[in-house]
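Visitor: Numbering (the working numbering), first residue to last: 22 to 741.
Beta carbons are placed, not taken as given, at the ideal position from N, Cα and C, and that holds for glycine.
Keep in mind it's a predicted model, so treat the numbers as computed, not measured.
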Amino acid sequence: MVSWRNNLNSMQEKAVTTYEGPVMVVAGAGSGKTSVLTKRIAHLILNLGVPKDAVLAITFTNKAALEMKTRLYELLEFNTHTMWISTFHSMCVRILREHIEHLDYHKHFQIVDDDDTLQIIKSLMKRHGVDAKIMAPHSIKNYVLKIKTDEARMQNLEQPMREIIEIIYPAYQKQLKDNNLVDFDDLILLTIRLLEDFPEIQKRYHRQFEYILVDEFQDTNTVQYRLIRALVNEKKNVFIVGDEDQSIYAFRGANIENIQRFKRDYHPVNTIVLEQNYRSTNTILKAANAVIKENKNRIKKNLFSTKGDGDKIVFFKAYSERDEVEYVAETIRLLVRSGIDYQSIAVLYRTNNTSRLFEEVFMQKQLPYLIYGNTSFFKRKEIKDLVAYLRLIINPHDDYSFMRVVNEPRRGIGAKTIETLSRNAEHAGLSIYETLVQDKSSLSKGVLNKINHFITLMQSLQKHFDTVHFNQFIDDLLERIGYLKMLQNDDKGDVRLENMLEIKTMFKEAENSYDVDDKTTVLLYMLEDIALKSQEEKEKDPNSVSLMTLHAAKGLEFDVVFMVALEKGIFPQHRHYDSLESIEEERRLMYVGVTRCKQQLYLTNASQRYLYGSLTQNLDTPFIQDISPTLLQLEGLNKERMKTTLRYTQDYQQTQVYKERLKAITKTNENHLDKGNKVNHKVFGIGVVVSVNNDQCVIAFSHPHGIKTLMKDHPSISKV
DNA sequence: CACCGGTTTATTTTT
DNA sequence: TAAACCGGTG
Numbered sequence: 022m023v024s025w026r027n028n029l030n031s032m033q034e035k036a037v038t039t040y041e042g043p044v045m046v047v048a049g050a051g052s053g054k055t056s057v058l059t060k061r062i063a064h065l066i067l068n069l070g071v072p073k074d075a076v077l078a079i080t081f082t083n084k085a086a087l088e089m090k091t092r093l094y095e096l097l098e099f100n101t102h103t104m105w106i107s108t109f110h111s112m113c114v115r116i117l118r119e120h121i122e123h124l125d126y127h128k129h130f131q132i133v134d135d136d137d138t139l140q141i142i143k144s145l146m147k148r149h150g151v152d153a154k155i156m157a158p159h160s161i162k163n164y165v166l167k168i169k170t171d172e173a174r175m176q177n178l179e180q181p182m183r184e185i186i187e188i189i190y191p192a193y194q195k196q197l198k199d200n201n202l203v204d205f206d207d208l209i210l211l212t213i214r215l216l217e218d219f220p221e222i223q224k225r226y227h228r229q230f231e232y233i234l235v236d237e238f239q240d241t242n243t244v245q246y247r248l249i250r251a252l253v254n255e256k257k258n259v260f261i262v263g264d265e266d267q268s269i270y271a272f273r274g275a276n277i278e279n280i281q282r283f284k285r286d287y288h289p290v291n292t293i294v295l296e297q298n299y300r301s302t303n304t305i306l307k308a309a310n311a312v313i314k315e316n317k318n319r320i321k322k323n324l325f326s327t328k329g330d331g332d333k334i335v336f337f338k339a340y341s342e343r344d345e346v347e348y349v350a351e352t353i354r355l356l357v358r359s360g361i362d363y364q365s366i367a368v369l370y371r372t373n374n375t376s377r378l379f380e381e382v383f384m385q386k387q388l389p390y391l392i393y394g395n396t397s398f399f400k401r402k403e404i405k406d407l408v409a410y411l412r413l414i415i416n417p418h419d420d421y422s423f424m425r426v427v428n429e430p431r432r433g434i435g436a437k438t439i440e441t442l443s444r445n446a447e448h449a450g451l452s453i454y455e456t457l458v459q460d461k462s463s464l465s466k467g468v469l470n471k472i473n474h475f476i477t478l479m480q481s482l483q484k485h486f487d488t489v490h491f492n493q494f495i496d497d498l499l500e501r502i503g504y505l506k507m508l509q510n511d512d513k514g515d516v517r518l519e520n521m522l523e524i525k526t527m528f529k530e531a532e533n534s535y536d537v538d539d540k541t542t543v544l545l546y547m548l549e550d551i552a553l554k555s556q557e558e559k560e561k562d563p564n565s566v567s568l569m570t571l572h573a574a575k576g577l578e579f580d581v582v583f584m585v586a587l588e589k590g591i592f593p594q595h596r597h598y599d600s601l602e603s604i605e606e607e608r609r610l611m612y613v614g615v616t617r618c619k620q621q622l623y624l625t626n627a628s629q630r631y632l633y634g635s636l637t638q639n640l641d642t643p644f645i646q647d648i649s650p651t652l653l654q655l656e657g658l659n660k661e662r663m664k665t666t667l668r669y670t671q672d673y674q675q676t677q678v679y680k681e682r683l684k685a686i687t688k689t690n691e692n693h694l695d696k697g698n699k700v701n702h703k704v705f706g707i708g709v710v711v712s713v714n715n716d717q718c719v720i721a722f723s724h725p726h727g728i729k730t731l732m733k734d735h736p737s738i739s740k741v
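#1: What would DSSP say about E656, mapped onto helix, strand or coil?
#2: If you follow the alpha helix (DSSP H) that I79 is in, where does it begin and where does it stop?
#3: Who are the Cβ neighbours of Y631 in its own chain at under 8 Å, not counting the five residues just before and after it?
#4: Taking 8 Å as the limit between beta carbons, can you name the residues of its chain near Y443, skipping five residues before and five after?
#5: Cβ of Q288 within 8 Å of Cβ of N254?
#6: At the level of alpha carbons, what is the spacing between T292 and H123?
#7: Taking T570 as the reference, give the member of N564, V581, V585 and D240 with the closest Cα.
#8: Applying the 10 Å Cβ sphere with the 16-neighbour rule, what's the burial state of M146?
#9: Measure the CB-CB distance between K333 and L587 and report whether it falls below 8 Å.
#10: Determine whether the beta carbon atoms of L65 and Y40 lie at a separation below 8 Å.
#11: Between which two residues does the beta strand (DSSP E) containing N470 stretch?
#12: Starting from the Cα of D171, find the closest Cα among S160, M182, E179 and L210 and give me that residue.
#13: Can you tell me where the alpha helix (DSSP H) with H747 in it begins and where it stops?
#14: Classify D136 as buried or exposed, calling it buried when 16 or more other Cβ atoms lie within 10 Å of its own Cβ.
#15: Rounded to the nearest angstrom, what separates R148 and R609 at their Cα positions?
#16: Report yes if the C-beta distance between R214 and L369 is below 8 Å; otherwise report no.
#17: What number of angstroms, rounded off, separates the C-alpha of Q176 from the C-alpha of I185?
#18: Which runs of the alpha helix (DSSP H), 4 residues or longer, sit entirely within the region 417-453?
#19: Assuming K554 and F399 make a contact with CB atoms under 8 Å, what is their CB distance in whole Å?
#20: To the nearest angstrom, how far is it from the Cα of K688 to the Cα of K740?
#21: What three-state label does DSSP hand I361 in the structure shown?
#22: Measuring CA to CA, which of R319, S422 and A574 is closest to Q281?
#23: Can you tell me the Cα-Cα spacing of D199 and K90, whole angstroms?
#24: In whole angstroms, give me the CA-to-CA distance for A275 and M611.
#25: So, are the CB atoms of L522 and L498 less than 8 Å apart?
#26: Runs of 3 residues minimum, wholly inside the region 124-189: which ones carry the beta strand (DSSP E) assignment?
#27: So, are the CB atoms of A75 and L97 less than 8 Å apart?
#28: Tell me the start and end of each unbroken beta strand (DSSP E) in the region 328-400 that is at least 3 residues and wholly inside, in chain order.
#29: Determine the burial state of T59: buried for a count of at least 16 other Cβ atoms within 10 Å of its Cβ, exposed for fewer.
#30: Enumerate, from N- to C-terminal direction, the unbroken beta strand (DSSP E) stretches of 3 or more residues contained entirely within the region 196-251.
#31: Taking I752 as the reference, which of D641, Y164, I233 and Q459 has the closest Cα?
#32: Under 8 Å between the Cβ atoms of Q297 and G263?
#33: Using only alpha-carbon positions, find the residue among P158, R300 and E119 that is nearest to Q223.
#34: Using C-beta distances below 8 Å, list every residue in its chain close to F530, excluding the 5 sequence neighbours before and after it, in chain order.
#35: Sort out for me which residues DSSP pairs L568 with in a bridge.
#36: Looking at V613: is its Cβ nearer than 8 Å to the Cβ of I269?
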């Protein structure tokens, strides 16, 4: 019997050892959640003799899955690599690769990411004559994906959006299916279909997975919830961990109601609350508690720690954004001089564009920094191009890849030709490659020449792949397709090339991890799941200051945290003022930021800054006012002005003038638009509302503006 | 089809 | 400000 008692408090111990039936753990920030999860799995395996394949642990990120495996390895001391500890999506891939043929898909389906989806939607819009100016491809994509996970929503869609979605959605699905592609939602949906429609498959997994654990449960969406339901067997040994206060992905479909639903569906649920925080000082926790307390829809929780009060939170107000950055840089200097490592310091911001100035100044001052959350390695254009080439080499019938690279680098084969090729292929029910081999009559001579040239090139590369070592092949490939030449005229060419050559390392790793000899198969496996992979950590100087968005910071911790650009309009974003739900999500984001900090928290902003090229003056974020002034140490402009300004603001809020203004503002914000209403738009003039749904509305303006889809509450619209 | 230049628009994003 | 996008021209 392995005992965990020494390292766990009583609540944690209960969470680790309650092994029968449904358990829900409400895990406050920094309460040792990951430790509970891993120790629970270890307890099941070492103390209760549960086979390791009978445990299924689901996370949201590869990083979390990897961390769990690593920490578990330390406890179990046997290989955890093949255990079912994975993200929702890779778990689904693992299941689908085995059974997807039941659903009439080919076993070697490819996974498309969001960018691919957008491209597909764009091309379909063109094909079906949907004007991208009236309906933004981006919003069509969002609607398609929403409908996809909840088809009932189609009934609630207003015209003309509904009409468009009714065309584009099935066309999109068909396009994916025809090309043997699946998107991220398909991975979940198809797995649900397998389990729900094929009882023998479901039975197999029910027999296997006796214990199911779900991390970050507050981030599950409706279909993921359904998937869990389909996986849990009659014993209902399901263990979920979550914290609704840290739910910051509602905009991506995360549904907090799943927590309540879980309680109903698995009644009775053993609920365990972890409130003891092992991370932060009490000053920081008091601030965090005060901020989150303002949210109405939550189970009350109060974090506490035994770390003492620590230092006050510094609130620095700078004159300009440049001053703000200077302040942060200089403060970091001082901190480092006093013995703190760069790597235990983070700068957190709401929007990515904030990072630019920080990067500039840090570079100038030679402060080592690392920006997280750049476009992921696998989403970079050059990588996607290379992947498409490799896929096409393994499988010439891969139309999707064909279309991507046939004119990259430029070969004089334009959008129109590609469209014709794809249409012809669709008519013939064949791949583009086959169509070209059989019938070239519909193409002009010049085009035909270029295409033939490309086809010959690909065929010779296929042969070449079999004859030389992979590393050599990549070098030759880049040369022969003309990519090298193209990169020479690109000022970021050397970085791009370096990225592309990384594929060699990946191939070597794949060779080692997949137990197959055949080169083609290794490559095939490697390419299959590439869309699911996340960026490998760069080998930059590990002792660097971390720069990242608040979203990216979730799950991490730092001794010193700077939360910057805390200004109304930026954080919370102005488009979130109107609805209670979105302001609550922004507040949770503030909570997440504050609770990342172990020792010393800095809140900063600037009284004026350039935003999109023009000078703006923003107020302090209202979230700072939630924090008691006794916890704050005011610095910068605050020092002189803030004390009086704060009092002034509070007094002012009591006055009649303020209350009336507030009323006036809320009134214009309400802007209750209905079908048929006449409105006046600052730019487009008078128009008539055609339809309204959620936060958007469609308005018909007179010539030359025409029909526009606009944000309903945008200040430029007023009712007439 | 490719290129140039004017116009438009601006979250967050685990997979 | 900066990047993405569109439309006209060669």
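Guide: For this structure:
#1: Here residue 656 is taken as the residue at index 635 of the first sequence, counted from 1. Three-state DSSP puts E656 in a strand.
#2: The residue labelled residue 79 in the question sits at position 58 within the first sequence. Looking at the DSSP string, I79 is not in any alpha helix (DSSP H); the run it does join, the beta strand (DSSP E), is V76 to T80.
#3: Position 610 of the first sequence, counting from 1, holds the residue named residue 631. Only E342 and T637 meet the Cβ criterion.
#4: As a working note, residue 443 is residue 422 in the first sequence. Before going on, a small fix: residue 443 reads as Ser here, not Tyr. Closer than 8 Å at the Cβ level, and outside the excluded window around S443, lie D420, M424 and I453.
#5: Start at 1 with the first residue of the first sequence, and residue 288 comes out as number 267. Start at 1 with the first residue of the first sequence, and residue 254 comes out as number 233. The displayed chain sequence assigns His, not Gln, to residue 288. Against a cut-off of 8 Å, the Cβ pair of N254 and H288 comes out as no contact.
#6: Counting from one through the first sequence, the residue named residue 292 turns up at place 271. Counting from one through the first sequence, the residue named residue 123 turns up at place 102. Computed Cα separation, rounded: 39 Å.
#7: Taking the first sequence and counting its residues from 1, one reaches residue 570 at position 549. Comparing Cα-Cα distances from T570 to each of N564, V581, V585 and D240, the minimum goes to V585.
#8: As a first step, residue 146 is located in the first sequence; it is residue number 125 there, counting from the start. Under this definition M146 is a buried residue.
#9: Position 312 of the first sequence holds residue 333. Position 566 of the first sequence holds residue 587. In this structure, L587 does not lie closer than 8 Å to K333 by Cβ.
#10: The residue you call residue 65 lines up with position 44 of the first sequence. The residue you call residue 40 lines up with position 19 of the first sequence. Yes, Cβ-Cβ distance for L65 and Y40 is below 8 Å.
#11: By 1-based counting over the first sequence, the position of residue 470 is 449. Taken as a continuous stretch (DSSP letters only), N470 belongs to no beta strand (DSSP E), being part of the alpha helix (DSSP H) at K466 to T488.
#12: Within the first sequence, the letter at position 150 stands for residue 171. With distances taken between Cα atoms, D171 lies closest to L210.
#13: Summary: the structure shown does not reach residue 747, with the chain confined to residues 22 through 741, and so no result is reported for it.
#14: Start at 1 with the first residue of the first sequence, and residue 136 comes out as number 115. Classification of D136: exposed, given that the 10 Å Cβ count is below 16.
#15: Locating residue 148 in the first sequence gives position 127, counting from the first residue. Locating residue 609 in the first sequence gives position 588, counting from the first residue. Using only the alpha carbons, I get a separation of about 42 Å.
#16: What you label residue 214 is simply residue 193 of the first sequence in a count that begins at 1. What you label residue 369 is simply residue 348 of the first sequence in a count that begins at 1. No; because the gap between Cβ atoms is not below 8 Å, this pair is not in contact.
#17: Residue 176 sits at position 155 when you count from the first residue of the first sequence. Residue 185 sits at position 164 when you count from the first residue of the first sequence. Going by the C-alpha atoms only, they are around 13 Å apart.
#18: 420-426 and 436-449
#19: For the purposes of this step, residue 554 is identified with residue 533 of the first sequence, where counting begins at 1. For the purposes of this step, residue 399 is identified with residue 378 of the first sequence, where counting begins at 1. Right, the Cβ-Cβ distance comes to about 6 Å (below 8 Å), so this counts as a contact.
#20: Here residue 688 refers to the residue found at position 667 when the first sequence is read from its first residue. Here residue 740 refers to the residue found at position 719 when the first sequence is read from its first residue. Here the model assigns K688 a pLDDT of 39, short of 50, so the residue's position is not dependable and the matter cannot be decided.
#21: Start at 1 with the first residue of the first sequence, and residue 361 comes out as number 340. DSSP places I361 in coil when its eight states are reduced to three.
#22: Locating residue 281 in the first sequence gives position 260, where the first residue counts as 1. The shortest Cα separation from Q281 among R319, S422 and A574 belongs to R319.
#23: To locate residue 199, count along the first sequence from 1; it is residue 178. To locate residue 90, count along the first sequence from 1; it is residue 69. When rounded, the distance between both Cα atoms is 37 Å.
#24: In the first sequence, residue 275 corresponds to position 254, counting from 1. In the first sequence, residue 611 corresponds to position 590, counting from 1. Looking at the two C-alpha atoms, the distance is approximately 18 Å.
#25: Reading the first sequence from its first residue, position 501 is the one you call residue 522. Reading the first sequence from its first residue, position 477 is the one you call residue 498. No, Cβ-Cβ distance for L522 and L498 is not below 8 Å.
#26: 131-133
#27: As a first step, residue 75 is located in the first sequence; it is residue number 54 there, counting from the start. As a first step, residue 97 is located in the first sequence; it is residue number 76 there, counting from the start. In this structure, L97 does not lie closer than 8 Å to A75 by Cβ.
#28: 334-341, 366-370 and 390-392
#29: Residue numbering aside, residue 59 sits at position 38 when the first sequence is read from its first letter. The residue in question, T59, is buried, as its Cβ has 16 or more Cβ neighbours within 10 Å.
#30: 202-204 and 232-235
#31: Shown here, the chain extends from 22 to 741; a query on residue 752 therefore has no answer.
#32: Indexing the first sequence from 1 puts residue 297 at position 276. Indexing the first sequence from 1 puts residue 263 at position 242. Not closer than 8 Å, so no.
#33: Position 202 of the first sequence, counted from the start, is the residue given in the question as residue 223. Selected option, being the one with the closest Cα: E119.
#34: Against the first sequence, residue 530 aligns to sequence position 509. A small fix is needed here, since residue 530 is Glu in this sequence, not Phe. Correct list: empty, nothing qualifies.
#35: Position 547 of the first sequence, counted from the start, is the residue given in the question as residue 568. Beta-bridge pairing links L568 to V368 and I392.
#36: Numbered from its first residue, the first sequence carries residue 613 at position 592. Numbered from its first residue, the first sequence carries residue 269 at position 248. In this structure, I269 lies closer than 8 Å to V613 by Cβ.
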